Amino acid sequence: MTRPPRKLSRNEQQRETRAALVSAALRLFARHGFDGTSIQAIAREAGFTRGAFYAHFTSKHEILGAAITERDALDRQRLRARIGAGTVARAAIADWIADAQHADLPFVALRLELVRNSLHATGLAQMLRDNQQAEVAGIAELLQQVARDLPLRPGITAPLAAQVISSFLDGVAIHALIDRTVDIRALWDALLVALTGDDGPPPPACDGAGVTGTGGQGNPP
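In short: position in the sequence shown from 1, add 58, done, that's the numbering used here.
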């Protein structure tokens with residue numbers, strides 16, 4: 059006999075409702091733009107009422123800020139998982155940085171919309187600062203986790219390097235929005251040299267048998 063599905067607790071229902079509202083908001087923002095999307099439309103898209111929206115968020119700005127915060131946290135969580143699974147830290151972080159070049163362009167544009175509106179909304183500006191601080195703290199924690207593989211230059215602390223990387227990521231996202239051909243990985247490699255003084259692992263050594271023009275005897279003395 060098939061067991062009936064487990065009834066969700068109140069907290070689980072609230073989490074699911076909140077997640078559905080965030081997903082609906084992002085879909086509509088991408089489709090109609092931030093200004094072209096109403097709270098009523100978000101609630102309807104998610105299958106709820108305006109009351110359900112206001113039970114979780116006070117404004118469109120707040121739901122967009124929540125979406126950005128959650129997405130950033132998920133990105134960092136995925137990076138930690140890759141490193142925890144054995145991927146070399148240098149390669150994992152380089153891939154993470156390079157992903158910014160292929161970021162969801164409408165989402166990047168929404169970030170800029172949020173920043174623009176924060177110039178006139180104190181609460182929104184504080185939310186963005188909180189998100190920025192959380193991102194920097196998360197990157198700093200990650201740098202401390204991989205310190206053996208990516209030691210920083212003397213005098214450069216993990217929090218300072220995290221601020222630099224966070225600013226770099228913001229700039230990369232905007233740059234990629236304007237020019238999709240920019241080589242993000244090359245820019246990251248240059249920044250990594252500045253932060254660590256290490257330009258990466260040396261190329262594999264070539265033994266004498268692999269050197270041409272020497273009769274297979276290796277390099278002459």
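Ideal Cβ positions, reconstructed from N, Cα and C, are used throughout, including at glycine.
These numbers were taken from a predicted model, which means no experiment stands behind them.
Inset, instruction - Taking only the alpha-carbon atoms, compute the straight-line gap between Ala139 and Asp133 and give it to the nearest angstrom. - result: 10 Å
Legend entry - Per-residue DSSP class, three states only, for Phe92: coil
Legend entry - Three-state secondary structure assigned by DSSP to Arg134: helix
Inset, instruction - Report the rounded CA-to-CA distance for Ala220 versus Arg169, giving the unit in angstroms. - result: 20 Å
Inset, instruction - Could you round the C-beta distance between Leu79 and Ile121 to whole angstroms and report it? I think they count as a contact, below 8 Å. - result: 6 Å
Inset, instruction - Check whether the Cβ atoms of Ala82 and Ile97 sit closer than 8 Å, and answer yes or no. - result: no
Inset, instruction - Return the first residue and the last residue of the alpha helix (DSSP H) that Leu218 is part of. - result: Ala216 to Ile236
Inset, instruction - Would you mind sorting Val240 into buried or exposed? The rule is 16 or more other CB atoms within 10 Å of its CB. - result: exposed
Legend entry - Contacting residues, own chain, Cβ-Cβ under 6 Å from Trp154 (five flanking each side not counted): Leu137
Legend entry - Validate contact between the region 176-193 and the region 105-113 using beta carbons, cut 8 Å, 3 pairs: no
Legend entry - Three-state secondary structure (DSSP) of Lys118: In the three-state scheme derived from DSSP, where H, G and I count as helix and E and B as strand, Lys118 is classed as helix.
Inset, instruction - Using beta-carbon positions only, say whether Arg253 and Leu210 come within less than 8 Å of one another. - result: Checking the sequence, you will find Leu at residue 253 rather than Arg. Yes, they are a contact pair.
Legend entry - Beta-carbon proximity check, Val173 vs Ala231, cutoff 8 Å: no
Inset, instruction - My understanding is that Gln283 touches Ser224, with C-beta atoms under 8 Å, so please give their C-beta distance in whole angstroms. - result: One cannot answer for residue 283 here, as it falls past the ends of the chain, which runs 59 to 279.
Inset, instruction - Quick one: using the 10 Å Cβ neighbour count with 16 as the cut-off for buried, is Arg243 buried or exposed? - result: exposed
Inset, instruction - State the Cα-Cα distance for the pair Leu218 and Ile197, rounded to the nearest angstrom. - result: Near 10 Å, if we compare the C-alpha coordinates of Ile197 and Leu218.
Legend entry - Nonlocal neighbours in the same chain, by C-beta distance under 8 Å from Leu249, ignoring five residues either side: Closer than 8 Å at the Cβ level, and outside the excluded window around Leu249, lie Val222, Ile223 and Phe226.
Legend entry - Short Cβ contact (8 Å threshold) for His119 with Ala179: Yes, Cβ-Cβ distance for His119 and Ala179 is below 8 Å.
Legend entry - Glu193, buried or exposed, once every other Cβ within 10 Å from all chains shown has been counted against 16: buried
Inset, instruction - Rank Asn175, Ala216 and Arg206 by C-alpha distance to the C-alpha of Asp93 and give the top, closest one. - result: Asn175
Legend entry - Under 8 Å between C-beta atoms of Ala147 and Leu208: yes
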